[in-house]
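A quick write-up on the structure given underneath.
2 protein chains.
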Amino acid sequence: MKTRFGKLIAALMLTFVSVGLSACSVAQHTGKLEPLVIQQQGSFAVGGTVLTNPGRFDPFKMTPEGQTLHGDHLYTFYQIPTNARKFPLVMWHGYGQSAKTWETTPDGREGFQNIFLRRDYGVYLIDQPRRGRAGRSTQPVTLTPTPDEQKWFDIFRVGIWPEYFPGVQFAQDPESLEQYFRQMTPDTGPIDIDVNSDAVAALFAKIGPGILVTHSHSGGMGWQTVLKSPNIRAVVSYEPGSGFIFPEGEVPEDMPSSAGTLKASGVPLADFMKLTKIPIVIYYGDNIPDQPSENPGQDNWRVRLAMAKLWADAVNRYGGDATVVHLPEIGIQGNTHFPFSDLNNLEIADLMSDWLAQKGLD
Amino acid sequence: MKTRFGKLIAALMLTFVSVGLSACSVAQHTGKLEPLVIQQQGSFAVGGTVLTNPGRFDPFKMTPEGQTLHGDHLYTFYQIPTNARKFPLVMWHGYGQSAKTWETTPDGREGFQNIFLRRDYGVYLIDQPRRGRAGRSTQPVTLTPTPDEQKWFDIFRVGIWPEYFPGVQFAQDPESLEQYFRQMTPDTGPIDIDVNSDAVAALFAKIGPGILVTHSHSGGMGWQTVLKSPNIRAVVSYEPGSGFIFPEGEVPEDMPSSAGTLKASGVPLADFMKLTKIPIVIYYGDNIPDQPSENPGQDNWRVRLAMAKLWADAVNRYGGDATVVHLPEIGIQGNTHFPFSDLNNLEIADLMSDWLAQKGLD
Numbered sequence: 000m001k002t003r004f005g006k007l008i009a010a011l012m013l014t015f016v017s018v019g020l021s022a023c024s025v026a027q028h029t030g031k032l033e034p035l036v037i038q039q040q041g042s043f044a045v046g047g048t049v050l051t052n053p054g055r056f057d058p059f060k061m062t063p064e065g066q067t068l069h070g071d072h073l074y075t076f077y078q079i080p081t082n083a084r085k086f087p088l089v090m091w092h093g094y095g096q097s098a099k100t101w102e103t104t105p106d107g108r109e110g111f112q113n114i115f116l117r118r119d120y121g122v123y124l125i126d127q128p129r130r131g132r133a134g135r136s137t138q139p140v141t142l143t144p145t146p147d148e149q150k151w152f153d154i155f156r157v158g159i160w161p162e163y164f165p166g167v168q169f170a171q172d173p174e175s176l177e178q179y180f181r182q183m184t185p186d187t188g189p190i191d192i193d194v195n196s197d198a199v200a201a202l203f204a205k206i207g208p209g210i211l212v213t214h215s216h217s218g219g220m221g222w223q224t225v226l227k228s229p230n231i232r233a234v235v236s237y238e239p240g241s242g243f244i245f246p247e248g249e250v251p252e253d254m255p256s257s258a259g260t261l262k263a264s265g266v267p268l269a270d271f272m273k274l275t276k277i278p279i280v281i282y283y284g285d286n287i288p289d290q291p292s293e294n295p296g297q298d299n300w301r302v303r304l305a306m307a308k309l310w311a312d313a314v315n316r317y318g319g320d321a322t323v324v325h326l327p328e329i330g331i332q333g334n335t336h337f338p339f340s341d342l343n344n345l346e347i348a349d350l351m352s353d354w355l356a357q358k359g360l361d
Numbered sequence: 000m001k002t003r004f005g006k007l008i009a010a011l012m013l014t015f016v017s018v019g020l021s022a023c024s025v026a027q028h029t030g031k032l033e034p035l036v037i038q039q040q041g042s043f044a045v046g047g048t049v050l051t052n053p054g055r056f057d058p059f060k061m062t063p064e065g066q067t068l069h070g071d072h073l074y075t076f077y078q079i080p081t082n083a084r085k086f087p088l089v090m091w092h093g094y095g096q097s098a099k100t101w102e103t104t105p106d107g108r109e110g111f112q113n114i115f116l117r118r119d120y121g122v123y124l125i126d127q128p129r130r131g132r133a134g135r136s137t138q139p140v141t142l143t144p145t146p147d148e149q150k151w152f153d154i155f156r157v158g159i160w161p162e163y164f165p166g167v168q169f170a171q172d173p174e175s176l177e178q179y180f181r182q183m184t185p186d187t188g189p190i191d192i193d194v195n196s197d198a199v200a201a202l203f204a205k206i207g208p209g210i211l212v213t214h215s216h217s218g219g220m221g222w223q224t225v226l227k228s229p230n231i232r233a234v235v236s237y238e239p240g241s242g243f244i245f246p247e248g249e250v251p252e253d254m255p256s257s258a259g260t261l262k263a264s265g266v267p268l269a270d271f272m273k274l275t276k277i278p279i280v281i282y283y284g285d286n287i288p289d290q291p292s293e294n295p296g297q298d299n300w301r302v303r304l305a306m307a308k309l310w311a312d313a314v315n316r317y318g319g320d321a322t323v324v325h326l327p328e329i330g331i332q333g334n335t336h337f338p339f340s341d342l343n344n345l346e347i348a349d350l351m352s353d354w355l356a357q358k359g360l361d
């Protein structure tokens, strides 16, 4: 456990490192935005599988025989700035989201896509299989419109509906909230962790070494993807949810909360060791209680943060380099479940830039 | 009907106009691509509606009472180059497609997104309501994976499966076909022409005057959108399918084909007149028979092309400015249902650039 003095030192170190920010970052902070200079941009599908009906296709009847369906791929839109840094960033959205997560923020500012393009990183935004533009699924689903946005407002720790948390880093005008709600998009097939991690591993196989940036649900799937891809050179994970994996025999006890019970799972040690070979940083925002709470929207994150700390300890015990940053502990207040699009997202981006620099990954 | 001599004159005129292309366009043709210089890029949702459950939301139980669902909006990703021309292009995909339609082509070349950014147009790509990243729908749907790609290969006039049309403007390697199939994405709710045209009209209300570029199914919805938005200053329509609207009392007879019967519909003359106030150009590709064919994949387009010609005649009879360009008639061979991503898409883009210039819209 960190002492208060330790936290102060950590905060001072971050401040110190921030002094070294590039002119570009300073321009971002002062709001003078130069044009983006993009050497290359485009999109493609990768991964996935093919269903094939038996028989021979008849072009005159167009019956099902002999027809195929390509599905379960991911879709990515990428932009590579001129003079890009060595490792691109692959940004993977969370539950109920698409690549939109990383684009314009709900209140209309630049998101991580633009912020990191301006910092000379190549940026790949993905829609995971069966989500968004990667909608073709090999498995059926029924979509039933279910009003649930007040639940997400709470689970994403914007506040306790209809109240915003005091000092929350989220714009409180109605239009921002509307944009936030409208960026959700449903699954066009069942969520399948193997399908998703296979597709992201296939993306890294195609593009070569890079850095994986995950959020929430993709956090756990991201650990699985590291097991499948040697091209992931680091992971930056915002508020990973379920899916923490430990060496078999070392799985922590279940963690009950008012939002349900969080379970970790075990993998062979040889697999787990892959997570110890790359630097990993995990960020959690504010309004996460340290004692059990009756509010599931918050208690949910109490156990996840606790599990993340145990997980980082396990990785480091085996010689790895995993850090959990609980933002309020370094003096950064008010962040929701979406730190990268919160009002202080440039400060959040600075933390990530600095960390990448510290790890020699820029 | 055009004579052969008339066609020759038309082809010569196009050649003449092409001489005036910008240096940028020449660079595109010779493959020397400079970086894109983007003054602004981002994304947002627009249009749509809200479902609201009665009652009061309980944050501790998170039951359905008092919760909302924002749905039926469109999603757009926009890029504005430095020194952009006055009118941006709003590109609207066709059936089973998303904004991906306008991005990288199946064989990995630049699509209309990049091509027109390089020609200094602002470009808005949309996912229509209940498609892609605009997936939240207020209506339910069941998605059943149905192998159907050989049907689309034929309907999109790539060939007659498994044969490609001779000289088709489509790369014949397996990877290109795979990318082409994987760019399809399903509807996450029923297609609703009013919902869609309302959302696109809302987009134009937000961004101001611009040019609407449609494809296939969005062709007909595009005419409806013109009725709803005075900000649409021109329409460029690639292979519009169903949905041609005529003045009431002047609706052409149904057109039977081996793919089914094409019907037009009537609107009040005052509405129809809105279509006569802006320049409109429609392009159709190759391998469309002029006599009835037993192959539904082709015959489908015979009646659509015929209906488009009747429609342009009606618009022009009322003082409008509508042109139907059947590409083979001006000497451009081999185009599929997706001319803007075909192998000759720079030539197709030149036609559009020239047309916009002729109409004073550049």
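Protein chains in written order, with numbering that gives the first Met the number 0: chain A, 0 to 361; chain B, 0 to 361.
Don't be surprised by glycine CBs; every beta carbon is placed ideally from N, CA and C.
The structure displayed is predicted, hence computed values, not measured ones.
Expected contact under 8 Å - CB spacing of residue i and residue j to nearest Å
i	j	result
A/Ala133	A/Ala44	7 Å
B/Val140	B/Thr187	6 Å
A/Ile37	B/Ile114	About 14 Å separates the two Cβ atoms, so there is no contact after all.
B/Glu202	B/Ile125	With the sequence shown as reference, residue 202 of chain B is identified as Leu, and Glu is not the correct amino acid for it. That belief holds up - the Cβ atoms of B/Leu202 and B/Ile125 are roughly 7 Å apart, short of 8 Å.
A/Leu268	A/Phe86	Incorrect: roughly 28 Å between the Cβ atoms, too far for contact.
A/Pro251	A/Leu309	5 Å
B/Ala198	B/Gln138	Not really, about 14 Å apart at Cβ, beyond 8 Å.
B/Tyr123	B/Ile190	B/Tyr123 to B/Ile190, Cβ: 21 Å. No contact.
B/Ser236	B/Gly218	5 Å
A/Arg156	A/Asp119	About 32 Å; that fails the 8 Å criterion.
Within 8 Å, strictly: CB atoms of residue i and residue j
i	j	result
A/Leu73	A/Gly46	yes
B/Gly93	B/Ser215	yes
B/Arg301	B/Ile287	yes
A/Asn52	B/Pro58	no
B/Phe339	B/Ile347	yes
B/Ser241	B/Asp298	no
B/Gly284	B/Leu345	no
A/Thr275	A/Gly318	yes
A/Ser136	A/Gly41	no
A/Pro105	A/Tyr179	yes
B/Gly121	B/Ser97	no
A/Pro146	B/Thr81	no
B/Gly296	B/Ile154	yes
Exposed unless 16 or more other CB atoms sit within 10 angstroms - verdict on residue i
i	result
A/Ala313	buried
B/Lys99	buried
A/Asp341	buried
A/Glu148	buried
B/Lys150	buried
B/Gly107	exposed
A/Leu32	exposed
A/Asp193	exposed
A/Arg55	exposed
A/His28	exposed
A/Ala22	Because A/Ala22 carries a pLDDT of 48, less than 50, the predicted location of this residue cannot be relied on, and the following value inherits that uncertainty. Counting Cβ neighbours within 10 Å, A/Ala22 comes out exposed, since fewer than 16 surround it.
B/Thr75	buried
A/Gln290	exposed
B/Ser264	exposed
B/Pro278	buried
B/Pro255	exposed
B/Thr335	buried
A/Asp253	exposed
B/Glu174	exposed
B/Thr224	buried
B/Pro165	exposed
Indicate whether the contact test is met: 3 or more Cβ pairs, each with one atom in the segment 165 to 185 of chain A and one in the segment 83 to 93 of chain B, closer than 8 Å.
Touching, no.
Taking only runs of the beta strand (DSSP E) that begin and end inside the segment 112 to 178 of chain A, which ones reach a length of at least 3 residues, in chain order?
The qualifying runs are 122 to 126 and 140 to 142.
Report yes or no: do the segment 221 to 232 of chain A and the segment 153 to 161 of chain A share at least 3 C-beta pairs separated by less than 8 Å?
By the criterion of at least three beta-carbon pairs nearer than 8 Å, the segment 221 to 232 of chain A is not in contact with the segment 153 to 161 of chain A.
Those runs of the beta strand (DSSP E) which lie wholly inside the segment 43 to 92 of chain A and span at least 3 residues
Whole beta strand (DSSP E) segments, 3+ residues: 48 to 51, 67 to 70, 73 to 80 and 88 to 91.
Tell me the start and end of each unbroken alpha helix (DSSP H) in the segment 278 to 350 of chain B that is at least 4 residues and wholly inside, in chain order.
Taken in chain order, the complete alpha helix (DSSP H) segments of 4 residues or longer contained in the segment 278 to 350 of chain B are 295 to 316.
Please give the ranges of any alpha helix (DSSP H) in the segment 215 to 276 of chain A, keeping only runs that are unbroken, at least 4 residues long and fully inside the region.
DSSP runs (the alpha helix (DSSP H)) wholly in the segment 215 to 276 of chain A: 216 to 227 and 268 to 271.
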